[in-house]
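Notes follow once the structure below has been shown.
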DNA sequence: CGTTGGGTTGAGCGCGATCAAGCGTGGTGG
DNA sequence: CCACCACGCTTGATCGCGCTCAACCCAACG
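Protein chains in written order, with our numbering: chain A, 21 to 243; chain B, 21 to 243.
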C-alpha cells in the first residue's frame, strides 16, 4: 500500500507533482497509496463510483469507452509519470470510461476527496492539477484533429515524429508497448496499423519488432 | 470594452463563474473586457501568442485545427456561457488551434496573466477553472469515443438526444446554429449530415429548416 | 514438436468524402 | 411586383480509406 523509495522518486517527477514545491509534493505523497495490477486487469469501469484518480509509475494503462454492443474505443494511453482520470474530481464522481492495464502496472492512487481538500487550502495544488488537466485536454483535442484530418499512414507518421529528437535527420527508437495498443491509441484496427507501416517503408521507415528506424526524418514530415 | 448589465448577468451565470461565491465572481468580472465580432471573424489563429481566454456571451464560436493543406477540422463549438481556450494558461502561451465566430458574437475576455495571479491567491478560482477544464476535457474525450464507435446517423441521433428532455417520449427543438456548423462539430461533411437526417426519418425524426421533431425518443435511443 | 499469441497479408465491402448538379428561400433591384 | 441572384442545403454518382473476416507467418514456450 505504501510507496517504496523508487516509486516515490518516479512520482515526484511526474507531470503533476513536479509542478509543485517539493514540500507540498511530499505532503501529498504521504496520502498516496500504491496499486499494482497484472496485465489486462481492469482498473475501473464506466458508470462506477470514482473515489480515486491515478498516476502511472511503471507500465501502461489503456482508457477506453465500451459501447452497448461490446466494441471498445481507446481514448488514451498513459505511461510512467502521466496522470489520468483527474476529471472525475469535477464530473459528479462517476467514471465515464473504462480503464485497464496493458501489462503489469504500478500506479499511485490519489483520493479524490482528500485532494479536493488539499486544493481548497493551497492554490498551488489546484494550479498543478490544472496543468495536468490542461495537458490531457490538449492531447484529446489534438487526437480529434488528427483523426479528422489525417489518414492512417499520416497518423502513424505523426506518432513516429513525436518520438524523434526534434532536429535529427535520422532516428531509431523502441515502441514502449505492443503494436495493437498503438493501433488502438491511433483509432485503428491492428491490420490498418500494419498496413500503415508498410506504406511508410517508401518514406524510409523500417520496422523490426518493436524497433522503428527512420532513414530521413524530414522526408517523413512531408507525408 | 466594459460589460453592460445584461452581459454581466450572462457572464455570472456561465459555467466558470457560477462555481464561485458571488463576491469572488464580481471581483473577476471587474477585470474582464468585452469583445464583439461580426460573423466569420477570426478570433485567434494557431501559433499566435495567447494572452486571453474567453467565455461566450451571445452567438457561437467555432474552434478548429487548420492543416498544412488548408483543410479544417472542428474540435469544438462553444455557445453562451461556455468557456474556451482556458488551456492556454498552461501550455506555454501559444494557441494550438484557430477560433472564429460562426455568427455575430460577443465574448468576455480574461487576461491569462491576471487570472493566473488570481488563481494563485484564491484556491476557489483554481477550482472553478478546473471544473471548466474538466468539462471541456470530458467533452473532448466523449467526442473521440463517439467518432470512433458510431456512424454518422448514430452520432446525429446522439446529438439530438442530448437536446431532448431526459424523460420525454416525444420532443421538438430548434437548432441554435447552422446545419453546416453541426456537421463540422460531428466531424462530418455537410452532405453526410443531410444524409444522416434522412436516414433518421425511419426512426421518427423529421427536420424542417432548423426545427427538429422526434416522434419517439426511445426508438431513437436504440439506433 | 504442437500450441499459443502477436503480427502480417489478402479479399471484400460499407461508410463517408468529394465533386457536381439541383432545389428553395430570402433579399435586392429594376 | 416580379426577375434575378446568392446562399444554405439536398441529392446523386463516384471513389478511396479503413473495417471485417479469414488465412497465414513466426517466435516463444512447454
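The C-beta atom is built at its ideal place from N, Cα and C for all residues, glycine as well.
Rounding to the nearest angstrom, what Cα-Cα distance links residue i and residue j in this structure?
i	j	result
residue 163/A	residue 174/A	13 Å
residue 127/A	residue 33/A	14 Å
residue 202/B	residue 25/A	52 Å
residue 217/B	residue 146/A	44 Å
residue 84/A	residue 23/B	43 Å
residue 49/A	residue 129/A	10 Å
residue 87/A	residue 170/B	9 Å
residue 121/B	residue 57/B	7 Å
residue 65/A	residue 55/A	16 Å
residue 82/B	residue 47/B	29 Å
residue 249/B	residue 191/B	Not covered by the structure: residue 249/B. The range shown for chain B is 21 to 243.
residue 91/B	residue 199/B	19 Å
For residue i, count neighbouring Cβ atoms within 10 angstroms of its own Cβ and tell me buried if that reaches 16, exposed if not.
i	result
residue 41/A	exposed
residue 156/B	buried
residue 89/A	exposed
residue 177/B	buried
residue 115/B	buried
residue 234/B	buried
residue 186/A	exposed
residue 139/B	buried
residue 21/B	exposed
residue 60/A	exposed
residue 53/B	exposed
residue 168/A	buried
residue 119/A	buried
residue 154/A	buried
residue 43/B	exposed
residue 209/A	exposed
Residues of chain A with CB closer than 8 Å to the CB of residue i, please, in chain order.
i	result
residue 111/B	154, 155, 158
Report the residue from the options whose alpha carbon sits nearest the alpha carbon of residue i.
i	options	result
residue 68/A	52/A, 185/A, 108/A, 95/A	108/A
residue 243/A	209/A, 180/A, 191/A	180/A
residue 77/A	225/A, 223/A, 28/A, 172/A	28/A
residue 124/B	239/B, 63/B, 51/B	63/B
residue 101/B	38/B, 182/B, 53/B	38/B
residue 112/A	151/B, 207/B, 212/B, 224/B	151/B
residue 70/B	45/B, 93/B, 105/B	105/B
Do residue j and residue i have their beta-carbon atoms positioned less than 8 Å apart in this structure?
i	j	result
residue 103/B	residue 197/B	no
residue 237/B	residue 188/B	yes
residue 95/B	residue 165/A	yes
residue 7/A	residue 212/A	Outside the shown range of chain A (21 to 243) lies residue 7/A, about which nothing can therefore be said.
residue 51/A	residue 131/A	yes
residue 221/A	residue 97/A	no
residue 143/A	residue 137/B	no
residue 31/A	residue 75/A	yes
Taking Cβ-Cβ distances shorter than 9 Å, what residues in chain B pair up with residue i?
i	result
residue 71/A	In chain order: nothing, as chain B lies at least about 16 Å away.
Give the residues of chain A in contact with residue i, contact being defined as C-beta atoms less than 9 Å apart.
i	result
residue 118/B	Within chain A, no residue comes near residue 118/B; the closest Cβ sits about 11 Å away, beyond 9 Å.
Just to make sure I have the definition right: I need the residues of chain A whose C-beta is within less than 7 Å of the C-beta of residue i. Which are they?
i	result
residue 163/B	164
residue 87/B	169
Which chain B residues are close to residue i, counting only those with a beta carbon under 7 Å from its beta carbon?
i	result
residue 141/A	143
residue 149/A	150
residue 168/A	93, 207
residue 79/A	Neighbours of residue 79/A on chain B: none; closest Cβ ~21 Å, over 7 Å.
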